[in-house]
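Below is one structure, written out as C-alpha cells, with a few remarks after it.
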Amino acid sequence: MTKDEITRIAQKLRNTYHVTEPEKLCQILDIWYDYMPMGTETDCIKGFINRSNRCYCIIINDDLPEELKRIIMFHEIGHYALKHMSKTICTFKDYGIYNVISDTENEANLFVAEYLLDSEETMRTLRETNSFFQTAAILNVPPEILDYKWRMLSYYKRLAGQSPIQVNSDCLKRIQIAGNS
21 MTKDEITRIA QKLRNTYHVT EPEKLCQILD IWYDYMPMGT ETDCIKGFIN
71 RSNRCYCIII NDDLPEELKR IIMFHEIGHY ALKHMSKTIC TFKDYGIYNV
121 ISDTENEANL FVAEYLLDSE ETMRTLRETN SFFQTAAILN VPPEILDYKW
171 RMLSYYKRLA GQSPIQVNSD CLKRIQIAGN S
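Using this note's numbering, the letters of the sequence shown map in sequence onto residues 21 to 201.
Here it is in C-alpha cells:
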C-alpha cells in the first residue's frame, strides 16, 4: 500500500467521524474490543486484531499504561482500515520472520501517525518547541509515532531531513513500559 493511500484512508476516517477515542471508533466501525492482562515485559504482546466470520475483535494488553493502550488500539484499527486482515493475523508478538509482517506493521504505524497527528499542528508545534521529544509529549504520542509523522511530512516535502530517531516496524513492540528496564 502506498503512503498516499494510507494518508487518504486515515484522513477519510478522521474527517468522517471526528473521533479521537479509539474505543468510540471501534464502536462506529463495528469492531469488538476487550482488554486482557498480558504482562509488562518488553516482549509481551501489546495487542492484536483477529477476524472470525467477518467479525473483528481487538484485544489490548490491560497491563499497559493508558497512553500506550490508546496508541496500540489505533494501530490495530489501522490493520482493519488498511485491510491487512486478509494477509495475516496482526499481533505485536512479531518475530520478524516474514516481510509481510514488517510491511503491514509499518503501514499500521503510518496510519496511527496520519490519523492522530494533524500535519499543521505537528509542524507548528515542532517550530514552537524546536524539540522533537517535547513535541511528542505535547501531542501526546510516543516519539516513535512522531518519527512516522516526520517521515510522512518529509514524503510530502513539508519537512526536510530526518527525525532525531529512526524506528523500525517493530518499534511499538519494543517500547519500554514504565517500571521495566
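We put the beta carbon where it would ideally sit given N, CA and C, even for glycine.
Since the structure is predicted, the reported quantities are computational estimates derived from the model, not experimental observations.
With distance defined between alpha-carbon atoms, name the residue in Pro-57, Met-58, Ile-92 nearest to Glu-41. Locating residue 41 in the sequence shown gives position 21, counting from the first residue. Measuring from the Cα of Glu-41, the nearest candidate turns out to be Ile-92.
Reduced DSSP category for Cys-77 - H, G, I as helix; E, B as strand; rest coil: Residue 77 sits at position 57 when you count from the first residue of the sequence shown. Strand, per DSSP.
Which residue from Ile-48, Leu-173, Arg-147 puts its Cα closest to that of Ala-101? On the sequence shown, residue 101 is found 81 positions in, with the first residue counted as 1. The residue with the shortest Cα to Cα distance from Ala-101 is Ile-48.
Own chain residues within Cβ distance below 6 Å of Glu-140, not counting five before or after: On the sequence shown, position 120 is the one that residue 140 refers to. Closer than 6 Å at the Cβ level, and outside the excluded window around Glu-140, lies no residue.
Hey, Lys-169 and Ala-133 are a contact pair by Cβ (cut 8 Å); roughly how many whole angstroms apart? Numbered from 1 along the sequence shown, position 149 holds the residue referred to as residue 169. Numbered from 1 along the sequence shown, position 113 holds the residue referred to as residue 133. Right, their Cβ atoms sit about 4 Å apart.
According to DSSP, simplified to helix, strand and coil, what is Ser-72? One-based indexing of the sequence shown puts residue 72 at position 52. In the structure shown, Ser-72 sits in a strand (DSSP, three-state: E or B).
Using a Cβ distance threshold of 8 Å, determine whether the region 72–83 contacts the region 52–62, with at least three qualifying pairs required. yes
Starting from Met-56, trace the beta strand (DSSP E) in both directions and tell me its first and last residue. Indexing the sequence shown from 1 puts residue 56 at position 36. That run of the beta strand (DSSP E) goes 51–56.
Nonlocal neighbours in the same chain, by C-beta distance under 8 Å from Cys-75, ignoring five residues either side: In the sequence shown, the residue the question calls residue 75 occupies position 55. Cβ neighbours of Cys-75 beyond the five flanking positions: Trp-52.
Just mark Ser-72 as buried or exposed, buried being the case when its beta carbon has 16 or more other beta carbons within 10 Å. Here residue 72 corresponds to residue number 52 of the sequence shown, with the count starting at 1. Classification of Ser-72: exposed, given that the 10 Å Cβ count is below 16.
CA-CA distance, Asp-138 and Gln-31? Locating residue 138 in the sequence shown gives position 118, where the first residue counts as 1. Locating residue 31 in the sequence shown gives position 11, where the first residue counts as 1. Taking the straight line from one Cα to the other gives about 9 Å.
To the nearest angstrom, how far is the alpha carbon of Tyr-115 from that of Ser-122? Here the question's residue 115 lines up with position 95 in the sequence shown. Here the question's residue 122 lines up with position 102 in the sequence shown. Unreliable positioning characterises Tyr-115 in this predicted model, as indicated by a pLDDT of 45, which lies under 50. A coordinate reading is not provided.
According to DSSP, is Gly-230 helix, strand or coil? Since the first residue shown for the chain is 21 and the last is 201, residue 230 is missing from the structure and cannot be characterised.
Taking only three categories from DSSP, how would you classify Lys-177? Position 157 of the sequence shown, counted from the first residue, corresponds to residue 177. Looking at Lys-177 - three-state DSSP - the assignment turns out to be coil, as it is neither helix nor strand.
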